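Trainee: Quick one: the structure is below, questions incoming.
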Amino acid sequence: MNQTLIIGAGGVGRVVVKKCAKNSEIFGDIALASRTLSRCEMLADEIKKEMNITIATHQVDADNVEELVNLINKIKPNIVLNIALPYQDLTIMDACIATKTHYLDTANYEHPDTAKFEYKEQWAKDEDFKKAEIMGLLGSGFDPGVTNVFCAYAQQYLFDTIEEIDILDCNGGDHGYAFATNFNPEINLREVSANGRYWQKNSDGIGEWIETKPMEIKKVWDYPEIGQKDSYLLYHEEMESLCKNIKGLKQIRFFMTFGESYLTHLKCLENVGMLRIDEVEVEGKKIVPIKLLKALLPDPSTLGERTVGKTNIGCVIMGYKNGEKKRIYIYNVCDHQEVYKETKAQAVSYTTGVPAMIGAKLILEGKWKGDGVFNMEEFDAKPFMDELTTQGLPWKIISLDPDIKL
Ligand code: NDP
């Protein structure tokens, strides 16, 4: 019987633990550990009442490798699902290497003091993962995660060559607050206030990153089942691996939708310094403004009940099949209220948590295997696509005019 350890009991962790419990024939005995034990216990109680499945709970500081190693040695899990924050990626990976345990996360490492997203430090652990004969699966959420799998599926099954990818992330949900973020506010606000960046090959065929000011490039896209939305170019981590792994690619960009109210609040908070990530002294006490803001904003895990509407996340892909130019949109639509009924979480947590469970399931079943550190598009996309359909995130493909670019 497998043993599974999930670290992080926030909005996404709630979905992961529930979905793993629903697939308990694969995940076996499930343990949930987080910084605040009471959050784990609350979730475990909920699952006991709903499904009569017992989840073991533990307190852990995932910034501390020794504590993690002790916990892993006690539980002896087959896999650790890191659903805490990107700050903990490296420590949890180190603990997995030390204990020879498979590893999975949903977001790439970020240093708390620099708002920078890159895989460099996680990819550097590839040798250690190989030596320990374990697998590390990076970015098994929706974006990154499912978006990488959509691109892999297109490359493996739908196209001979792919030239352009636009990843589109639309949250058409309304929670009724003037301003709130739909996942961890600190991580979310660092991401959206950073400069934008996209990748394209120059006339010599060399790939280069082109930097933009935050929200400088806006396009309007008609999202199926939602409608037209302003979509802004951002940097997003899956582009770093996709531009390496999708052969023949000439351009990749990422767009996310934001409403007027969100952008006005964001600009104002930025202008007054509330998004700063350095320490500021206030009456003799040191505070980090963005952490204070996080404490003031609604907890994303409480948004579910009041959020109505849908998310639509997918990839517009242009390339060639049998010499013919094709452009498709491959996407999932997720309804906030529908998934709230199932997990008491909103769709952003749901669309992240379900793929985390699926990635771990494929590793435990041996359908995705290998020693080392991997991104999602490096495996056969088919089993993952099949699981999406059966585990609550069905996808669709529509054909678009091949000559009309976003
Ligand atoms: P939350 O802030 O809601 O939850 C994070 C959880 O991690 C909390 O339970 C928190 O504990 C715990 N935690 C934080 N620090 C530590 C620590 N040092 N030791 C142990 N536990 C810790 O975040 P979300 O659930 O919204 O997001 C979880 C992850 O999912 C993030 O990495 C986020 O970037 C990623 N994500 C990925 C997406 C994708 O599509 N790929 C989309 C959305 C999110 P406490 O309760 O004490 O605060």
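For the sequence shown, position 281 (counting from the first letter as 1) is numbered 1301 according to my numbering, and the numbering increases by one without interruption.
We put the CB at the ideal spot given by N, CA and C, even for glycine.
Since we're looking at a predicted model, the values are computed, not measured.
From the DSSP secondary-structure annotation, give me the bridge partner or partners of Lys1039.
Mentor: Within the sequence shown, the letter at position 19 stands for residue 1039. Paired residue(s): none; Lys1039 is not in a bridge.
Trainee: Measuring straight from C-alpha to C-alpha, what distance separates Thr1232 and Gln1175?
Mentor: Residue numbering aside, residue 1232 sits at position 212 when the sequence shown is read from its first letter. Residue numbering aside, residue 1175 sits at position 155 when the sequence shown is read from its first letter. Roughly 28 Å between the two C-alpha positions.
Trainee: For the ligand NDP, is there any heavy atom lying closer than 6 Å to the beta carbon of Arg1059?
Mentor: By 1-based counting over the sequence shown, the position of residue 1059 is 39. Under cutoff, so the answer is yes.
Trainee: Please name the residue in Lys1416, Leu1088 and Glu1260 whose C-alpha comes closest to that of Gly1159.
Mentor: Counting from 1 along the sequence shown, the entry for residue 1159 is found at position 139. The option with the nearest alpha carbon to Gly1159 is Glu1260.
Trainee: Reducing DSSP to helix, strand and coil, say where Met1405 ends up.
Mentor: Your numbering for residue 1405 matches position 385 in the sequence shown. In this structure, Met1405 counts as helix in the three-state DSSP scheme.
Trainee: Contact check, Val1100 vs Ile1185 under 8 Å by CB: the rounded distance?
Mentor: In the sequence shown, the residue the question calls residue 1100 occupies position 80. In the sequence shown, the residue the question calls residue 1185 occupies position 165. Val1100 to Ile1185, Cβ: 31 Å. No contact.
Trainee: Answer yes if the segment 1048 to 1057 comes into contact with the segment 1075 to 1084, meaning at least three C-beta pairs across the two stretches below 8 Å, and no otherwise.
Mentor: The segment 1075 to 1084, when compared against the segment 1048 to 1057, does touch it at the 8 Å Cβ threshold.
Trainee: Following the continuous beta strand (DSSP E) through Lys1238, name the residue where it begins and the one where it ends.
Mentor: Stepping through the sequence shown from its first residue, residue 1238 is reached at position 218. Where Lys1238 is concerned, the enclosing beta strand (DSSP E) stretches over Lys1238 to Tyr1243.
Trainee: For Ser1000, which residues does DSSP report across the bridge?
Mentor: Outside the shown range of the chain, which is 1021 to 1426, sits residue 1000, and nothing can be said about it.
Trainee: Going by DSSP in three states, Ile1337 sits in which element: helix, strand or coil?
Mentor: Sequence index remark: in the sequence shown, residue 1337 carries index 317 (1-based). Note: Ile1337 maps to strand in three-state DSSP.
Trainee: Could you tell me which residues DSSP puts in a beta bridge with Arg1034?
Mentor: Residue 1034 sits at position 14 when you count from the first residue of the sequence shown. BP columns for Arg1034 are empty, so no partner.
Trainee: Pick helix, strand or coil for Tyr1255, following the three-state DSSP scheme.
Mentor: For this step, residue 1255 is matched to residue 235 along the sequence shown. It is coil, neither helix nor strand.
Trainee: Using DSSP with H/G/I as helix, E/B as strand and the rest coil, what is Val1460?
Mentor: The displayed coordinates of the chain run from 1021 to 1426. Any statement about residue 1460 would go beyond what the structure contains.
Trainee: Closest to Gly1165 by C-alpha separation, out of Lys1136, Lys1150 and Ala1127, would be which residue?
Mentor: For the purposes of this step, residue 1165 is taken as the residue at position 145 of the sequence shown. Nearest C-alpha to Gly1165: Ala1127.
Trainee: Output yes or no for whether 7 Å exceeds the beta carbon distance between Asn1093 and Asn1022.
Mentor: As a first step, residue 1093 is located in the sequence shown; it is residue number 73 there, counting from the start. As a first step, residue 1022 is located in the sequence shown; it is residue number 2 there, counting from the start. No, the Cβ-Cβ distance between Asn1093 and Asn1022 is not below 7 Å.
Trainee: Return the residue from the list Phe1394, Thr1201 and Cys1288 that minimises the CA-CA distance to Thr1327.
Mentor: The residue labelled residue 1327 in the question sits at position 307 within the sequence shown. For the residues Phe1394, Thr1201 and Cys1288, the minimum Cα distance to Thr1327 belongs to Thr1201.
Trainee: Considering only DSSP beta bridges, list what Glu1231 is partnered with.
Mentor: The residue labelled residue 1231 in the question sits at position 211 within the sequence shown. Arg1217.
Trainee: Using DSSP bridges, identify the partner residues of Val1100.
Mentor: Locating residue 1100 in the sequence shown gives position 80, counting from the first residue. Answer is Leu1025 and Tyr1123.
Trainee: Report buried or exposed for Cys1354, applying the criterion of at least 16 other Cβ atoms within 10 angstroms of its Cβ.
Mentor: By 1-based counting over the sequence shown, the position of residue 1354 is 334. With 16 or more Cβ atoms within 10 Å of its Cβ, Cys1354 is classed as buried.
Trainee: Can you find a heavy atom of the ligand NDP that lies under 6 Å from the Cβ of Ile1207?
Mentor: Counting from one through the sequence shown, the residue named residue 1207 turns up at place 187. Checking the Cβ of Ile1207 against the ligand NDP gives yes.
Trainee: Buried or exposed for Thr1277, going by 16 or more other Cβ atoms inside 10 Å?
Mentor: As a first step, residue 1277 is located in the sequence shown; it is residue number 257 there, counting from the start. So Thr1277 ends up on the buried side.
Trainee: Using 8 Å for Cβ pairs, my map puts His1122 next to Met1071. What's the rounded Cβ distance?
Mentor: Along the sequence shown, read from residue 1 onward, the residue named residue 1122 stands at position 102. Along the sequence shown, read from residue 1 onward, the residue named residue 1071 stands at position 51. Actually they do not touch by this definition, with Cβ atoms about 25 Å apart.
Trainee: Distance check for Ala1104 and Leu1124, CA to CA, integer angstroms please.
Mentor: As a position in the sequence shown, residue 1124 is number 104, starting the count at 1. As a position in the sequence shown, residue 1104 is number 84, starting the count at 1. Near 11 Å, if we compare the C-alpha coordinates of Ala1104 and Leu1124.
Trainee: Comparing the CB of Ser1321 with every heavy atom of the ligand NDP, is any distance shorter than 6 Å?
Mentor: On the sequence shown, position 301 is the one that residue 1321 refers to. Checking the Cβ of Ser1321 against the ligand NDP gives yes.
Trainee: Below 6 Å, is the gap between the Cβ of Phe1199 and the nearest heavy atom of the ligand NDP?
Mentor: The residue given as residue 1199 occupies position 179 in the sequence shown. Because no heavy atom of the ligand NDP lies under 6 Å away, the Cβ of Phe1199 does not count as near it: no.
Trainee: Identify whether Val1292 lies in helix, strand or coil by the three-state DSSP scheme.
Mentor: Looking up residue 1292 in the sequence shown gives position 272. Three-state DSSP puts Val1292 in coil, outside helix and strand.
Trainee: To which residues of the same chain is Asp1148 closer than 8 Å at the C-beta, ignoring the five residues directly before and after it?
Mentor: Residue numbering aside, residue 1148 sits at position 128 when the sequence shown is read from its first letter. Same-chain partners within the cutoff: Ile1117.
Trainee: May I ask you to report which of helix, strand or coil DSSP gives Phe1137?
Mentor: By one-based count along the sequence shown, residue 1137 stands at place 117. Note: Phe1137 maps to coil in three-state DSSP.
Trainee: For Arg1273, which three-state DSSP category applies?
Mentor: By one-based count along the sequence shown, residue 1273 stands at place 253. Looking at Arg1273 - three-state DSSP - the assignment turns out to be strand.
Trainee: Do Ser1251 and Phe1275 have their CB atoms nearer than 7 Å?
Mentor: By one-based count along the sequence shown, residue 1251 stands at place 231. By one-based count along the sequence shown, residue 1275 stands at place 255. Contact flag set, yes.
Trainee: May I have the straight-line CA-CA distance separating Val1292 from Ala1029, to the nearest angstrom?
Mentor: One-based indexing of the sequence shown puts residue 1292 at position 272. One-based indexing of the sequence shown puts residue 1029 at position 9. Cα to Cα, the separation comes out at about 32 Å.
Trainee: Skipping 5 residues on each side, what residues in its chain have a beta carbon closer than 7 Å to that of Tyr1129?
Mentor: On the sequence shown, position 109 is the one that residue 1129 refers to. These residues qualify, in order along the chain: Pro1106, Asp1109, Leu1110, Glu1141 and Gln1142.
Trainee: Could you tell me the alpha carbon to alpha carbon distance between Gly1379 and Leu1286, rounded to whole angstroms?
Mentor: Here residue 1379 corresponds to residue number 359 of the sequence shown, with the count starting at 1. Here residue 1286 corresponds to residue number 266 of the sequence shown, with the count starting at 1. Going by the C-alpha atoms only, they are around 34 Å apart.
Trainee: Is Ala1029 near the ligand NDP, with its Cβ less than 6 Å from a heavy atom?
Mentor: Here residue 1029 refers to the residue found at position 9 when the sequence shown is read from its first residue. Ala1029: yes, Cβ under 6 Å from the ligand NDP.
Trainee: Exposed or buried, which one is Thr1322 when buried takes at least 16 other CB atoms within 10 Å?
Mentor: Start at 1 with the first residue of the sequence shown, and residue 1322 comes out as number 302. Under this definition Thr1322 is an exposed residue.
Trainee: May I ask you to list the residues that DSSP assigns as paired with Asp1049?
Mentor: Taking the first residue of the sequence shown as position 1, residue 1049 is located at position 29. DSSP, once it has assigned bridges, lists Gln1023 as partnering Asp1049.
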